[in-house]
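If you're matching positions, the sequence shown starts at -6 in my numbering and goes up one per residue.
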Amino acid sequence: MRRCPDCRLAVEGEWARCPLCTAPLTGESAPSPLPAVPLRFTRRRVLRVLTLTSLAVIGLSFLAQLLFDADRESIGALRSIWLGVVATWLVVLVAAGKRRNLAKFVVYLVALAGGVCVYWDYLTGWDAWSLTYVVPILCASSLVGLMITVRVIRMPVGDHVVYTGLTVLLGLTPLVFLALGWVGTAIPSALCGALSLVVLAALLTMRGGAVRHELATRLHL
């Protein structure tokens, strides 16, 4: 059994440092009295399914581009799908590597990437491609990635419910852009808004109590 020279603590298991003071342990390791709890999801299976789905989506986007004239500016909308694939990958990879604060990461990803694209659109003469395509696709893809991750990993409700709600609210902003007439094509904003409304309804229906509890805890109500 390993011991800590500073705390004079006996430590069982494969610890290399003291769990109290982080000092290096001495002696031989002893078997841990607690069983090793495996993950409730398989990273390899999640990544394999996501890879095949991503390749299928990108392949369909290439096929769809053949239906349009190469000189049309709207062809960039199809290429914006790739941004959605990248966003979904980021969400799942962060979840597979470190599940802590995943939902908060999704909120920051949507806000930061969306803001950068809007600013880029402004600098290049403002064609509204950022509000028409990028923001709806980014919000919808991040929301889908978050829902897949929460479902596969079985993340505790308290770890994601508040930030999932914030992601849903961000997903409703394209409907505001649509109502104000700031977008050139209504389909991306309408689809993103519809997806957000479905997720919001499911969240309030199935997790309404958890939502109220988390809001009361965080707002000290």
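Cβ atoms here follow ideal geometry from the backbone N, Cα and C, with glycine treated the same way.
Since we're looking at a predicted model, the values are computed, not measured.
Taken through DSSP and simplified to helix, strand or coil, Arg1 comes out as coil. According to DSSP, Arg144 shares a beta bridge with no other residue. Only residues of its own chain outside the window of five on either side were considered, and among them Glu207 have a CB closer than 6 Å to the CB of Val155, listed in chain order. Gly6 has Ala23 as its beta-bridge partners, per DSSP.
With fewer than 16 other beta carbons inside 10 angstroms of its own, Tyr112 counts as exposed. Only buried fits Ile130, as 16 or more other CB atoms lie within 10 angstroms of its CB.
With a contact defined as Cβ atoms closer than 8 Å, Leu193 and Val103 miss out at about 15 Å.
Taking C-beta atoms as the reference points, Leu139 and Val99 count as a pair closer than 8 Å. Between Pro(-2) and Ala16, the gap from beta carbon to beta carbon is short of 8 Å. With respect to the 8 Å criterion, Arg(-5) and Leu18 are classified as neighbours on the basis of their beta carbons.
Look at Pro12 here: in three-state DSSP terms it is coil, with no helix or strand label. Nearest Cα to Asp120 within the set Ser135, Gly177 and Leu136: Gly177. Cα atoms of Arg1 and Pro26: separation of roughly 19 Å, rounded to the nearest angstrom. With respect to the 8 Å criterion, Ala179 and Leu173 are not classified as neighbours on the basis of their beta carbons. The alpha-carbon separation between Leu136 and Arg205 amounts to approximately 21 Å. Of the residues assessed, Tyr101 falls on the exposed side of the cut-off, its CB having fewer than 16 other CB atoms within 10 angstroms.
The C-beta of Thr117 has fewer than 16 other C-beta atoms within 10 Å across all chains shown, which makes the residue exposed. Taking the Cα of Gly201 as reference, the smallest distance to any Cα among Leu184, Leu48, Gly108 and Gly158 is reached at Gly158. Rounded to whole angstroms, the separation of the alpha carbons of Lys97 and Glu21 is 41 Å.
Nearest Cα to Thr46 within the set Ile141, Trp122, Leu105 and Leu188: Ile141. Per the C-alpha coordinates, the member of Ala3, Val145, Ala183 and Thr160 positioned closest to Thr125 is Ala183.
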